[in-house]
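Counted the way the working numbering counts, the sequence shown spans residues 59 to 490. The next block holds one structure in the form of structure tokens; read it before the comments.
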Amino acid sequence: MSLRKPLTLVEWTTHNAARLAAPGLEAPFDDLADLRRLVGDARVVALGENSHQIREFGLLRDRMLRFLVQECGFAVYAVEFGAASGRAVDAWVQGGGGDLDALLMPRADGYPGQSAEGRDTLRWLRAYNATALHPVRLAGLDVPAAGGSLAPALEPVARYLADVDPGAVRYVRTALELSEPLAGGSGLVPARARLGLDAAVQDRLSTALGRLLNRVTVMREIYVESSGRQAYENSLSDVWAAWRTDQMQRAMSELFGGAPDAADLAARDRYLADSLLDLLDRSAPDTRVVVAAHNAHIQRTANPEGGPLARVPMGHPLAQELGADYVSVALTSGGGRTVANAPDPAHPAGMRQSAADAPEATPDSVEALFTGVPEAPALVHTHPLREHARQHGLSEPTRIRMDDGFLPVAALDAYDAVVSVPRSTLGADLTE
59 MSLRKPLTLV EWTTHNAARL AAPGLEAPFD DLADLRRLVG DARVVALGEN SHQIREFGLL
119 RDRMLRFLVQ ECGFAVYAVE FGAASGRAVD AWVQGGGGDL DALLMPRADG YPGQSAEGRD
179 TLRWLRAYNA TALHPVRLAG LDVPAAGGSL APALEPVARY LADVDPGAVR YVRTALELSE
239 PLAGGSGLVP ARARLGLDAA VQDRLSTALG RLLNRVTVMR EIYVESSGRQ AYENSLSDVW
299 AAWRTDQMQR AMSELFGGAP DAADLAARDR YLADSLLDLL DRSAPDTRVV VAAHNAHIQR
359 TANPEGGPLA RVPMGHPLAQ ELGADYVSVA LTSGGGRTVA NAPDPAHPAG MRQSAADAPE
419 ATPDSVEALF TGVPEAPALV HTHPLREHAR QHGLSEPTRI RMDDGFLPVA ALDAYDAVVS
479 VPRSTLGADL TE
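So this is what it looks like as structure tokens:
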């Protein structure tokens, strides 16, 4: 009597993946029952994407956010957007005045801080909040301008210190003066500019930020007494953002100079993680948060030492701190069109975006798991799939697509679930 061969991982995925409604389709939430089971009672659900500016990912995240808000009681939408700037966007989401596109501050390359699909999500939140019994808050988790400039974080600090401690404003002014010539549309611009910058100037900038961080930290009680706790916490967060951005820029410059340090490259992700953990600490114990960020940020696992990737992505400390209260869902696609980011020192953002064909799924990629599900978006839970693979000694995926290439990642450990759409297209802000 012959033993039955175990299902391959592709066969297992084909049999067990939940089929989802097409992105953008107005439909009941019945197809998201598997997402509810996956989330359970978790406080934080992170929804990823393998590339920014992809229409289907924006539409899928929008629909999943609506489900999590309306059906599961999630009350905060936290995004990969500057924390200081995010406070003004949150006021708009709560019904305040102003123009959304202006609040999102277009980057140096002309694109707003959120994709067209992401801006539509914010407009839905504003409309939802207008009648909601429990309005949803918006939180920016990120360093300013994707690491391209210290100004969005330091300028509010200067205004705050002018009221509570005028003598400390000099540290902010020094940091702004030294960093202004380095600023650009992303962290790539200052990182390259620092290659030709005298080490003493870099050290002066880092010293000014260190002195500022020390001042704001040791004066906590006096500042709180003068301004209140919330204003102080916001300013402290902004100082940390500026300090982490400086460290991130220095690490990226070392990477371009041929001396990468994966630990130092994690400065931005550490700020992302700490921003979220601070948000949870300041919120009611039952507050639940939906996070929207790149797959590379939300993974639960650390990256290998000595590589070009941040040693500690945001999701790793979140998973360590929150355990089962953190659920990470990667979004990817089987094919279609995607974004290629080519380094370009002459470009205001330090890189130039263009359309490209999504690379074909390789046998060792997570995308290959979905080759038997070509007809609809599909969601697969990685834990039972991983158990099946290890029980039968099957090779697990070791890569996931990012833009027009692949990143090394043990996907079944890094994510609690993966959603794949059959084909991706560019978002409304990009043209072919």
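C-beta atoms are modelled at their ideal positions from N, C-alpha and C, and glycine is treated no differently. Quantities reported herein were computed from a predicted structural model and do not represent experimental measurements.
Residue 230: beta carbon under 7 Å from a heavy atom of the ligand HEM? The ligand content of the structure shown is nil, which means the ligand HEM is not present either.
Would you kindly work out how many angstroms separate the C-alpha atoms of residue 460 and residue 147, rounded to a whole number? Translated into positions along the sequence shown, residue 460 becomes position 402. Translated into positions along the sequence shown, residue 147 becomes position 89. When rounded, the distance between both Cα atoms is 28 Å.
I'd like to check one pair, residue 93 with residue 122: are the Cβ atoms closer than 8 Å? Taking the first residue of the sequence shown as 1, we reach residue 122 at position 64. Taking the first residue of the sequence shown as 1, we reach residue 93 at position 35. Cβ atoms of residue 122 and residue 93: closer than 8 Å.
To the nearest angstrom, how far is the alpha carbon of residue 131 from that of residue 254? By one-based count along the sequence shown, residue 131 stands at place 73. By one-based count along the sequence shown, residue 254 stands at place 196. Looking at the two C-alpha atoms, the distance is approximately 51 Å.
Whole angstroms are fine: how far does the CA of residue 463 sit from the CA of residue 105? By 1-based counting over the sequence shown, the position of residue 105 is 47. By 1-based counting over the sequence shown, the position of residue 463 is 405. Straight-line Cα distance between these residues: approximately 20 Å.
Nearest-angstrom Cα distance between residue 231 and residue 341? On the sequence shown, residue 231 is found 173 positions in, with the first residue counted as 1. On the sequence shown, residue 341 is found 283 positions in, with the first residue counted as 1. Distance between the alpha carbons of residue 231 and residue 341 is about 33 Å.
Curious, which full-length alpha helix (DSSP H) runs of at least 4 residues does the segment 445 to 475 contain? 469 to 472
Three-way DSSP call (helix, strand, coil) for residue 111 in this model: By one-based count along the sequence shown, residue 111 stands at place 53. Residue state, collapsed to three classes: coil.
What span of residues does the beta strand (DSSP E) with residue 409 cover, start to end? Numbered from its first residue, the sequence shown carries residue 409 at position 351. Element bounds for residue 409: 409 to 415.
Pairs of beta-carbons, one from the segment 197 to 217 and one from the segment 319 to 335, closer than 8 Å: are there three or more? yes
Measuring CB to CB, does residue 260 end up less than 8 Å from residue 228? Within the sequence shown, residue 260 is the residue found at index 202, counting from 1. Within the sequence shown, residue 228 is the residue found at index 170, counting from 1. No.
Helix, strand or coil for residue 370 per DSSP? As a position in the sequence shown, residue 370 is number 312, starting the count at 1. In this structure, residue 370 counts as coil in the three-state DSSP scheme.
Does the beta-carbon of residue 129 have 16 or more other beta-carbons within 10 angstroms, so that it is buried, or is it exposed? Mapped onto the sequence shown, residue 129 falls at position 71. Burial call: exposed.
Between the segment 391 to 408 and the segment 171 to 178, can you find at least three pairs of beta-carbon atoms closer than 8 Å? no
In terms of residues, what are the limits of the beta strand (DSSP E) holding residue 200? As a first step, residue 200 is located in the sequence shown; it is residue number 142 there, counting from the start. Here the beta strand (DSSP E) through residue 200 covers 195 to 200.
Taking Cβ to Cβ, would you say residue 204 is nearer than 8 Å to residue 245? Start at 1 with the first residue of the sequence shown, and residue 204 comes out as number 146. Start at 1 with the first residue of the sequence shown, and residue 245 comes out as number 187. Yes, these two residues count as a Cβ contact at 8 Å.
Considering only residues of the segment 342 to 387, which uninterrupted alpha helix (DSSP H) runs meet the minimum length of 4 residues and lie entirely inside it, listed in chain order? 353 to 356, 373 to 380
To test your reading of the DSSP string, which unbroken alpha helix (DSSP H) runs of 4 or more residues are found completely within the segment 205 to 281? 209 to 222, 227 to 237, 246 to 251, 257 to 276
Kindly indicate which residue of 427, 74, 81, 100 has the alpha-carbon position closest to the one of residue 338. Within the sequence shown, numbered from 1, the residue matching residue 338 stands at position 280. Among 427, 74, 81, 100, the Cα nearest to that of residue 338 belongs to 100.
Mapping the DSSP letters down to three states, classify residue 105 as helix, strand or coil. Numbered from its first residue, the sequence shown carries residue 105 at position 47. Residue state, collapsed to three classes: strand.
Go ahead and pull the three-state DSSP assignment for residue 82. Translated into the one-based positions of the sequence shown, residue 82 becomes position 24. Here residue 82 sits in coil by DSSP.
I need the straight-line Cα distance from residue 20 to residue 127, nearest angstrom please. Missing from the structure shown is residue 20; the chain here goes from 59 to 490 and no further.
Counting pairs of beta carbons, one from the segment 421 to 431 and one from the segment 401 to 409, are three or more of them closer than 8 Å? no
Compare the Cα-Cα distances from residue 141 to each of 107, 195, 250 and report the closest residue. Along the sequence shown, read from residue 1 onward, the residue named residue 141 stands at position 83. When each option's Cα is compared against that of residue 141, the closest is 195.
Pairing CB atoms from the segment 362 to 372 with CB atoms from the segment 318 to 325, are three or more of them under 8 Å? yes
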